[in-house]
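Line by line, the protein sequences give chains A and B.
My numbering numbers the first residue of the first sequence as 1 and each following residue consecutively.
My numbering numbers the first residue of the second sequence as 1001 and each following residue consecutively.
For each residue, glycine too, the CB sits at the ideal point set by N, CA and C.
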Amino acid sequence: MENLIAGAEMLARWDVVLALFVGSIGGVIIGAIPGVGPAVAIAILLPATFSFDPIVGLTMLLGIYGSSMYGGAIPAILINTPGTAVNALTSYDGYPMTQRGEAHRAVSLAYSASFWGGIFGILCLILLSPVLALVAPMFGSREIFLAALLGIILVILAHRGQIFAAGLLAMFGIFLQTVGLDAVTYTQRYTFGYSFLSSGINLIVVVLGLFALSQAFFLLTAPDSSPDAKPVSGKMNAGIKELMKHKRVATVAASLGVILGMIPGTGEFTAQFMSYTYAQKSSKAPEEFGKGSPEGLIASEAANNAVPAAAMIPLLALGIPGEALTAMMLSVFYVHNVIPGPQLFQNNIDLVYGLYFALILLNVIVFVFLLFSTNLMTKIIRIPTRFLGVMILILSFVGVYSLRNSLTDCMISAGFGVLGLILKRLNLPIVPIILGMVLGGIMEVKLRAAMPRLKTPFDMIDRPIAFILFAMICLILLLHLRTLIKEWRAHQPEEDHDIHDTQTR
Amino acid sequence: MSRVKTLQSLFKRYRRPGDIVFAWVLLIVAVFLLSQLFEQTAYKSGGKLFSQPRFWPAVSLSLMALFAAFHLLGSALSERIEGRWAEVWLWVSTLEYAVWFIVYAAIVPYAGYLLSTVVFSVLLALRSGYRSRMALSAAALSALGIVLIFKTLLQVKLPAGQVYEYLPDGIRQIMLTYF
Chain A
1 MENLIAGAEM
11 LARWDVVLAL
21 FVGSIGGVII
31 GAIPGVGPAV
41 AIAILLPATF
51 SFDPIVGLTM
61 LLGIYGSSMY
71 GGAIPAILIN
81 TPGTAVNALT
91 SYDGYPMTQR
101 GEAHRAVSLA
111 YSASFWGGIF
121 GILCLILLSP
131 VLALVAPMFG
141 SREIFLAALL
151 GIILVILAHR
161 GQIFAAGLLA
171 MFGIFLQTVG
181 LDAVTYTQRY
191 TFGYSFLSSG
201 INLIVVVLGL
211 FALSQAFFLL
221 TAPDSSPDAK
231 PVSGKMNAGI
241 KELMKHKRVA
251 TVAASLGVIL
261 GMIPGTGEFT
271 AQFMSYTYAQ
281 KSSKAPEEFG
291 KGSPEGLIAS
301 EAANNAVPAA
311 AMIPLLALGI
321 PGEALTAMML
331 SVFYVHNVIP
341 GPQLFQNNID
351 LVYGLYFALI
361 LLNVIVFVFL
371 LFSTNLMTKI
381 IRIPTRFLGV
391 MILILSFVGV
401 YSLRNSLTDC
411 MISAGFGVLG
421 LILKRLNLPI
431 VPIILGMVLG
441 GIMEVKLRAA
451 MPRLKTPFDM
461 IDRPIAFILF
471 AMICLILLLH
481 LRTLIKEWRA
491 HQPEEDHDIH
501 DTQTR
Chain B
1001 MSRVKTLQSL
1011 FKRYRRPGDI
1021 VFAWVLLIVA
1031 VFLLSQLFEQ
1041 TAYKSGGKLF
1051 SQPRFWPAVS
1061 LSLMALFAAF
1071 HLLGSALSER
1081 IEGRWAEVWL
1091 WVSTLEYAVW
1101 FIVYAAIVPY
1111 AGYLLSTVVF
1121 SVLLALRSGY
1131 RSRMALSAAA
1141 LSALGIVLIF
1151 KTLLQVKLPA
1161 GQVYEYLPDG
1171 IRQIMLTYF
């Protein structure tokens, strides 16, 4: 109870409240503009937040992360272009509703479902906290190593059809984090005699290049366009009443969001898809799905909004990020010397509760904000794409240069920007590189730390949690193999799609 | 695109033109880096294998080369998609904007953040094809807004421009600190 109050106290400061407002409302706007995702915004703001208190910086970034999906639903519904990649399925039912003249119903339903999902996710996080505080200390070096390894495997396997490319990029990420002076043996690794490589390749420089600069290059080289969304009229709170008729779908979708959000490498997209499938199978009108079914809309929005809170679980409890956005947030913790992991729940539990409250507040702020300002959003999303490209380029400079005032960093970042553009154009994923860098670093440190206590390789898995993780790794690999064989036999007809596109991130 | 999908089909990614060029380049990079393993990393005698500084570069680069080889094989065995070299040319033409970015970064310590940002924003807007007075003033004003938020308000660490040294005493300090 004391910790709860201490957590609430952390938020009762003007700078934290301001960060919460800026983050959550900024996140909605960023999410609503197709072409700027939360990843771009968080990457740009990351270095600026280093000078803030940890709670201020984290609240702002969390605000962007948690609220961008609310905003992303607006263009998904109104112009059939998801604002963020995870709103893809929202456009399946949202846009047909707009075509039927029910844009207002679709938008208000999406907000209500998002709110339901968001709050459900946080409540689960709060309820799970005592369990986490109990389980987290059981994670020693070898368990964290195995969990990170599991994360890498899941990230690679999640990119079906491009597993070799995802594996190649994840390995490239792991390699990148080894460049520089080895902190334990003080030997140079892949520096080729260049002094600027001795300090290693900075994660934030890479993140800014791959997410922000590449997006700027992408928008600047593509033809200019200006999305045209029509204003919406009607009462926005109508969605709440309609949501109450579909409580079951919303709750199951949010639960799937929580479960899949906790597993590294899977996240919003899988959660959204599985809940959509569930909603369709259990619906009385499955034929309506894809043609403007409110249940489909609810399933996809409730699921994706439950993920941010759940994604904080492996990040806070084990220090393992499950996707790119939490990987970026990890660096904010590190900069402030707050190391997420089992100790966080013992030493900084007030910070953890503070973050929970911030998450609840941001959902309320965003929901209230959207009830009154949807039409403002329809104007904002009309910004021409090349103009956005210019702005992202200028903003990226602040991010890269403020880190350590280095022109070399700008050059490295520009190089990764070009790489990111190529990946986007090829419809290849960027996330494996970032997770490779972060999880690769964790694996190296933890494996080294575990070594002195290991006599035989079997000692690696002689503790219950380590064994469970190892069994999960084996099971996932076996299941993947089984699916491959089944697919081989079934010979499914192939069809092309852009749905997994990193362009919308 | 059909409306109803299986989980498998939704998670698949599909090839785009230029895939094979990218596959070749990455395989060459991976093999080159792997060939440098013994020169660029050390082996501490007496230490355990998993604790060696060479261990992780060796594992990651070997697997990278292996995945790259399979990716290339997949590309080579697939049907050719038209527009390969046009796509590669687009990648190369992106370097222009990378140079814009680096030049901007190089100029800031001399011309100051405010001046270089406004000028760069307007020039880049012109380069992107905007000619109307409204678009160009929007570019300049947005640039000014960015400077005010990041440098004036948030005091982000950016160097003060050398050009400010030539300003009169009263203004100089303000410009050095806030712009």
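For residue j and residue i, believed in contact at Cβ under 8 Å, the rounded distance
{"i": "threonine 187 (chain A)", "j": "valine 179 (chain A)", "result": "Going by Cβ atoms, the distance from threonine 187 (chain A) to valine 179 (chain A) rounds to 12 Å, so no, they are not a contact pair."}
{"i": "alanine 414 (chain A)", "j": "isoleucine 1102 (chain B)", "result": "6 Å"}
{"i": "glycine 420 (chain A)", "j": "leucine 213 (chain A)", "result": "7 Å"}
{"i": "lysine 1048 (chain B)", "j": "methionine 451 (chain A)", "result": "6 Å"}
{"i": "phenylalanine 115 (chain A)", "j": "asparagine 363 (chain A)", "result": "6 Å"}
{"i": "alanine 306 (chain A)", "j": "alanine 254 (chain A)", "result": "4 Å"}
{"i": "arginine 448 (chain A)", "j": "serine 1051 (chain B)", "result": "5 Å"}
{"i": "isoleucine 313 (chain A)", "j": "methionine 274 (chain A)", "result": "Actually they are not in contact, since the Cβ atoms of isoleucine 313 (chain A) and methionine 274 (chain A) sit about 18 Å apart, beyond 8 Å."}
Start-to-end residues for the alpha helix (DSSP H) that takes in residue i
{"i": "serine 1045 (chain B)", "result": "Premise fails: serine 1045 (chain B) is in no alpha helix (DSSP H) and is neither H nor E."}
{"i": "aspartate 1169 (chain B)", "result": "1169 to 1178"}
{"i": "glutamine 177 (chain A)", "result": "163 to 178"}
{"i": "glutamine 343 (chain A)", "result": "342 to 347"}
{"i": "methionine 411 (chain A)", "result": "407 to 425"}
{"i": "isoleucine 320 (chain A)", "result": "Note, isoleucine 320 (chain A): premise wrong, no alpha helix (DSSP H); not H, not E."}
{"i": "arginine 1131 (chain B)", "result": "Where arginine 1131 (chain B) is concerned, there is no enclosing alpha helix (DSSP H), given that its DSSP letter is neither H nor E."}
{"i": "histidine 1071 (chain B)", "result": "1055 to 1077"}
{"i": "leucine 475 (chain A)", "result": "464 to 490"}
{"i": "aspartate 15 (chain A)", "result": "14 to 32"}
{"i": "methionine 437 (chain A)", "result": "431 to 450"}
{"i": "aspartate 459 (chain A)", "result": "Careful: aspartate 459 (chain A) lies outside any alpha helix (DSSP H) and carries neither H nor E."}
{"i": "phenylalanine 115 (chain A)", "result": "103 to 135"}
{"i": "asparagine 3 (chain A)", "result": "2 to 11"}
{"i": "leucine 428 (chain A)", "result": "Leucine 428 (chain A) -> no alpha helix (DSSP H), and no H or E assigned at all."}
Closer than 9 Å to chain A by CB, residue i
{"i": "serine 1137 (chain B)", "result": "no"}
{"i": "valine 1156 (chain B)", "result": "yes"}
{"i": "isoleucine 1028 (chain B)", "result": "no"}
{"i": "tryptophan 1085 (chain B)", "result": "no"}
{"i": "isoleucine 1146 (chain B)", "result": "yes"}
{"i": "threonine 1177 (chain B)", "result": "no"}
{"i": "glycine 1018 (chain B)", "result": "yes"}
{"i": "arginine 1036 (chain B)", "result": "Checking the sequence shown, residue 1036 (chain B) turns out to be glutamine, not arginine. Chain A contact via Cβ: present."}
{"i": "glutamine 1162 (chain B)", "result": "no"}
{"i": "arginine 1015 (chain B)", "result": "yes"}
{"i": "proline 1168 (chain B)", "result": "no"}
{"i": "threonine 1041 (chain B)", "result": "yes"}
{"i": "tyrosine 1097 (chain B)", "result": "yes"}
{"i": "alanine 1143 (chain B)", "result": "yes"}
{"i": "threonine 1152 (chain B)", "result": "no"}
Pair within 9 Å by beta-carbon distance, residue i and residue j
{"i": "serine 68 (chain A)", "j": "glycine 31 (chain A)", "result": "yes"}
{"i": "glycine 209 (chain A)", "j": "isoleucine 412 (chain A)", "result": "yes"}
{"i": "methionine 328 (chain A)", "j": "isoleucine 442 (chain A)", "result": "no"}
{"i": "phenylalanine 397 (chain A)", "j": "tyrosine 1110 (chain B)", "result": "no"}
{"i": "asparagine 348 (chain A)", "j": "valine 335 (chain A)", "result": "no"}
{"i": "leucine 1124 (chain B)", "j": "tryptophan 1089 (chain B)", "result": "no"}
{"i": "glycine 292 (chain A)", "j": "aspartate 93 (chain A)", "result": "yes"}
{"i": "threonine 1117 (chain B)", "j": "alanine 1138 (chain B)", "result": "no"}
{"i": "serine 1075 (chain B)", "j": "isoleucine 1028 (chain B)", "result": "no"}
{"i": "methionine 97 (chain A)", "j": "alanine 88 (chain A)", "result": "no"}
{"i": "glycine 399 (chain A)", "j": "phenylalanine 139 (chain A)", "result": "no"}
{"i": "alanine 310 (chain A)", "j": "cysteine 124 (chain A)", "result": "yes"}
Test: residue i CB closer than 9 Å to a CB of chain B
{"i": "asparagine 427 (chain A)", "result": "yes"}
{"i": "arginine 386 (chain A)", "result": "yes"}
{"i": "glycine 506 (chain A)", "result": "No statement about residue 506 (chain A) is possible, as the shown extent of chain A runs from 1 to 505 and does not include it."}
{"i": "glutamine 188 (chain A)", "result": "yes"}
{"i": "asparagine 80 (chain A)", "result": "no"}
{"i": "glycine 440 (chain A)", "result": "yes"}
{"i": "cysteine 474 (chain A)", "result": "no"}
{"i": "asparagine 87 (chain A)", "result": "no"}
{"i": "glutamate 444 (chain A)", "result": "yes"}
{"i": "asparagine 305 (chain A)", "result": "no"}
{"i": "leucine 447 (chain A)", "result": "yes"}
Residue i: CB within 8 Å of a non-hydrogen atom of the ligand PLP
{"i": "aspartate 182 (chain A)", "result": "This structure does not include the ligand PLP; it has no bound ligands of any sort."}
_Please identify, using Cβ separations under 9 Å, the residues of the stretch 163 to 184 of chain A that lie next to chain B, in order along the chain._
Ile163, Phe164, Ala165, Ala166, Gly167, Leu168, Leu169, Ala170, Met171, Phe172, Gly173, Ile174, Phe175, Leu176, Gln177, Thr178, Val179, Asp182 and Val184
*Proximal residues, the stretch 1053 to 1080 of chain B versus chain C, C-beta separation under 7 Å*: Absence of chain C from the displayed structure is noted, the protein chains being A and B.
*asked:* Closer than 8 Å between beta carbons: that is the criterion. Which residues of the stretch 198 to 221 of chain A meet it against chain B?
replied: Leu213, Ala216, Phe217, Leu220 and Thr221
_Residues in the stretch 247 to 280 of chain A having any Cβ partner in chain B nearer than 7 Å_ = Phe273
*Select from the stretch 43 to 61 of chain A all residues with a C-beta closer than 8 Å to any C-beta belonging to chain B, and list them in chain order.*
Pro47, Ala48 and Ser51
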